[in-house]
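The sequence shown finishes on residue 200 if you use this note's numbering, and the numbering steps up by one all the way, no holes.
Cβ coordinates follow ideal geometry from the N, Cα and C atoms, glycine included.
If you're wondering where the values come from, they're calculated on a predicted model, not measured in any experiment.
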Amino acid sequence: MKIYTKTGDKGQTKLFSGHCVSKNDPLIKAYGKVDTLVSFLGYSKALLLKSKKKEFKEIINVVEEIQILCFKTMTDLAATKMNNVERINENDLKKIENTIDKFWERLPKLKNFIIPGSDVYSASLHISRSVCREIEPIILEAIDYYKQQGTEVNPLTLTLINRISDLLFTLAVYVEFILNKKLTIIKNNKKLK
8 MKIYTKTGDK GQTKLFSGHC VSKNDPLIKA YGKVDTLVSF LGYSKALLLK
58 SKKKEFKEII NVVEEIQILC FKTMTDLAAT KMNNVERINE NDLKKIENTI
108 DKFWERLPKL KNFIIPGSDV YSASLHISRS VCREIEPIIL EAIDYYKQQG
158 TEVNPLTLTL INRISDLLFT LAVYVEFILN KKLTIIKNNK KLK
């Protein structure tokens with residue numbers, strides 16, 4: 008089997024349903040951007056693994072769980088016009104929320120913005136968080152576009168991506184905190200020591 012099919016050479020592709028759509032279709036843009044997030048998460052995971060820090064084992068597992076949920080999100084989006092496909096659901100959201108709460112309880116109270124970049128590990132998670140934030144308006148565009156076509160895109164895909172960005176922020180701050188025992192914060196547009 009060859010990796011290339013040539014079916015997309017003229018700007019068309021197929022959803023899981025078999026429907027042929029343009030490569031600039033909102034669903035294609037949405038799950039393409041989720042795929043970008045999966046790759047950035049892979050980079051973050053590789054950095055965390057390379058460090059061999061035992062404190063990172065739990066974080067690496069969470070990053071892998073996020074990647075799996077991202078694949079589920081891509082499937083959900085690509086199978087919008089299909090039944091009998093496992094969808095993002097309330098249990099997925101609750102699992103993410105519980106993970107956020109677990110890590111957040113370990114952190115000092117935050118009242119200001121944090122400047123990313125005190126270490127490569129947390130910085131990579133902040134990049135993943137930023138990529139995740141870019142997905143939200145793209146999924147919203149797909150929801151609105153397909154609603155006008157009489158098709159519902161699972162709105163929980165948007166909610167999940169929002170929660171994942173919150174979780175990535177939490178993980179980035181947590182990594183920074185356990186490595187540096189302090190956070191670089193900004194208040195009134197000035198760095199605080």
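### Message
Per the DSSP calculation, residue 27 is bridged to which residue(s)?
### Response
DSSP output for residue 27 lists 21 as bridge partner(s).
### Cβ-based burial, residue 99 [other Cβ within 10 Å; buried from 16]
Taking every protein chain shown into account, the CB of residue 99 has 16 or more other CB atoms within 10 angstroms, so this residue is buried.
### Task
Flag this pair as touching only if the segment 144-155 and the segment 106-119 have three or more C-beta atom pairs under 8 Å; answer yes or no.
The segment 144-155 is not in contact with the segment 106-119.
### Query
Going by other Cβ atoms of all chains shown within 10 Å of its Cβ, with 16 needed for buried, is residue 61 buried or exposed?
Per the 10 Å Cβ criterion, exposed.
### Task
With a floor of 4 residues, list each alpha helix (DSSP H) that falls wholly inside the segment 125-176, ordered by position along the chain.
If we require 4 residues or more, the alpha helix (DSSP H) runs fully inside the segment 125-176 come out as 127-155.
### Message
Let's see if you can read the secondary structure: which residues bound the alpha helix (DSSP H) around residue 65?
### Response
Note, residue 65: alpha helix (DSSP H), 64-85.
### Task
Could you tell me how far apart the beta carbons of residue 139 and residue 171 are, in whole angstroms, since I believe they sit closer than 8 Å?
Residue 139 to residue 171, Cβ: 5 Å. Contact.
### Message
Just to confirm the assignment, what range does the alpha helix (DSSP H) spanning residue 41 have?
### Response
Judged by DSSP secondary structure, residue 41 falls within the alpha helix (DSSP H) whose first and last residues are 33-58.
### Query
Around the C-beta of residue 161, are 16 or more other C-beta atoms found within 10 angstroms, so that it is buried, or is it exposed?
It is buried - the Cβ of residue 161 has at least 16 other Cβ atoms within 10 Å.
#### Entry: Distance between residue 155 and residue 64 (C-alpha atoms, nearest Å)
Residue 155 has its alpha-carbon roughly 45 Å from the corresponding atom of residue 64.
### Task
Look at residue 24 and residue 81 and say whether their C-beta atoms are less than 7 Å apart.
Between residue 24 and residue 81, the CB-CB gap reaches or exceeds 7 Å.
### Message
Within 8 Å, do at least three Cβ pairs link the segment 19-34 to the segment 120-135?
### Response
No, the segment 120-135 is not in contact with the segment 19-34.
### Query
By DSSP, does residue 122 sit in helix, in strand, or in coil?
If DSSP states are grouped into helix, strand and coil, residue 122 belongs with coil.
### Message
Quick check: what's the CA-CA separation for residue 97 versus residue 179?
### Response
Computed Cα separation, rounded: 25 Å.
### Query
Should residue 14 be labelled buried (16 or more other beta-carbon atoms within 10 Å of its own) or exposed?
Its Cβ having fewer than 16 others within 10 Å, residue 14 is exposed.
### Query
Can you give the beta carbon distance from residue 177 to residue 107, rounded, assuming they're within the 8 Å contact cut?
Between residue 107 and residue 177 the Cβ distance is about 5 Å, and since that is below 8 Å, they are a contact.
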